[in-house]
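Line order of the protein sequences matches chains A and B. In terms of this note's numbering, the first sequence opens at residue 1 and continues consecutively. In terms of this note's numbering, the second sequence opens at residue 1 and continues consecutively. Report on the following structure.
Protein chains: 2
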Amino acid sequence: MLVLVTYDVSTQDDNGKRRLHQVAKQCEKYGQRVQNSVFECLLQPDELVILKHRLLKIMDEDKDSIRFYNLGKKYQSKIEHYGVKEAYDPEEVLIL
Amino acid sequence: MLVLVTYDVSTQDDNGKRRLHQVAKQCEKYGQRVQNSVFECLLQPDELVILKHRLLKIMDEDKDSIRFYNLGKKYQSKIEHYGVKEAYDPEEVLIL
Numbered sequence: 001m002l003v004l005v006t007y008d009v010s011t012q013d014d015n016g017k018r019r020l021h022q023v024a025k026q027c028e029k030y031g032q033r034v035q036n037s038v039f040e041c042l043l044q045p046d047e048l049v050i051l052k053h054r055l056l057k058i059m060d061e062d063k064d065s066i067r068f069y070n071l072g073k074k075y076q077s078k079i080e081h082y083g084v085k086e087a088y089d090p091e092e093v094l095i096l
Numbered sequence: 001m002l003v004l005v006t007y008d009v010s011t012q013d014d015n016g017k018r019r020l021h022q023v024a025k026q027c028e029k030y031g032q033r034v035q036n037s038v039f040e041c042l043l044q045p046d047e048l049v050i051l052k053h054r055l056l057k058i059m060d061e062d063k064d065s066i067r068f069y070n071l072g073k074k075y076q077s078k079i080e081h082y083g084v085k086e087a088y089d090p091e092e093v094l095i096l
């Protein structure tokens with residue numbers, strides 16, 4: 001199934017940038033970054049459990065927000081993209 | 001149906017911030033901002049056409065990226081949230 005992970009973090013401070021980078025690293029094991037804080041992950045149910053566990057460990061619960069959207073197996077027709085960067089280069093946004 | 005709109009824009013420059021603010025304004029007619037650049041909109045099919053048209057007019061195709069995810073009618077069980085700000089205050093992030 002395709003799971004969309006959206007991660008809201010203040011990247012004004014370096015710790016936020018670092019957490020976003022770590023979240024990206026985990027998500028990219030299962031899919032790709034499609035926007036700065038949006039990741040599409042192709043997962044089996046057990047992988048979703050593992051990924052969720054890892055991301056919740058990375059996040060700062062008092063500062064960040066993370067949302068999971070389960071788009072199921074037939075996700076292709078549910079997604080539309082406009083503008084630049086169909087696929088995102090995760091290194092591009094990390095300036096530490 | 002619930003349509004998730006994710007909008008990637010460089011808010012480093014004021015024009016980007018302005019576009020994000022305009023996108024938020026349009027999306028919030030139909031739903032709410034759940035993260036800085038993530039909006040959940042409850043739409044009828046004809047409203048989706050109108051919203052899409054408006055957002056594509058606002059966006060800078062050479063700089064921004066916009067994605068639409070159709071979560072259908074039975075979306076409640078497909079969404080999970082962790083961390084801060086279940087609902088987003090759109091004014092909070094606009095510093096012009």
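Quick reminder that beta carbons are idealized off the backbone N, C-alpha and C, glycines included.
Cross-chain neighbours of residue i in chain B, by beta carbon under 8 angstroms
i, result
"Arg67 (chain A)", "Val34, Gln35, Val38, Ile79, Glu80, His81, Tyr82"
"Met59 (chain A)", "Tyr82, Gly83"
"Lys63 (chain A)", "Gly83, Val84"
"Leu71 (chain A)", "Tyr69, Leu71, Lys78"
Environment of residue i [buried if 16+ CB atoms lie within 10 Å]
i, result
"Gln44 (chain A)", "exposed"
"Asp14 (chain B)", "exposed"
"Val49 (chain A)", "exposed"
"Ser65 (chain B)", "buried"
"Gln12 (chain B)", "exposed"
"Leu4 (chain A)", "buried"
"Leu42 (chain A)", "exposed"
"Leu2 (chain A)", "buried"
"Leu94 (chain A)", "Confidence at Leu94 (chain A) is low in this model, with a pLDDT of 45, below 50, so the placement of that residue is unreliable and no value is reported for it."
DSSP bridge partner residues for residue i (one or two, in chain order)
i, result
"Gln32 (chain A)", "A:Glu40"
"Ser65 (chain A)", "A:Asp8, B:Gly83"
Simplified DSSP assignment, three categories, for residue i
i, result
"Leu2 (chain B)", "strand"
"Leu71 (chain B)", "coil"
"Asp13 (chain B)", "coil"
"Asp46 (chain B)", "helix"
Nearest-angstrom beta carbon gap, residue j and residue i [assumed within contact, 8 angstroms]
i, j, result
"Val84 (chain A)", "Lys63 (chain B)", "6 angstroms"
"Glu47 (chain B)", "Tyr30 (chain B)", "6 angstroms"
"Val34 (chain B)", "Glu40 (chain B)", "5 angstroms"
"Met59 (chain A)", "Tyr82 (chain B)", "7 angstroms"
"Gln26 (chain B)", "Arg54 (chain B)", "5 angstroms"
Listed by chain order, chain A residues near residue i by CB distance under 9 angstroms
i, result
"Glu28 (chain B)", "In chain order: nothing, as chain A lies at least about 16 angstroms away."
Contacts that residue i makes with chain B (C-beta to C-beta distance below 7 angstroms)
i, result
"Asp46 (chain A)", "By Cβ distance, chain B contributes nothing, its closest Cβ being about 16 angstroms from Asp46 (chain A), past 7 angstroms."
Under 9 angstroms from the C-beta of residue i: neighbouring residues of chain B
i, result
"Asp8 (chain A)", "Val34, Gln35, Asn36, Ser37, Val38, Gly83, Val84, Lys85, Tyr88"
Neighbour list for residue i in chain A, Cβ cutoff strictly below 8 angstroms
i, result
"Asn15 (chain B)", "Here the premise fails: no neighbours, minimum Cβ distance about 15 angstroms."
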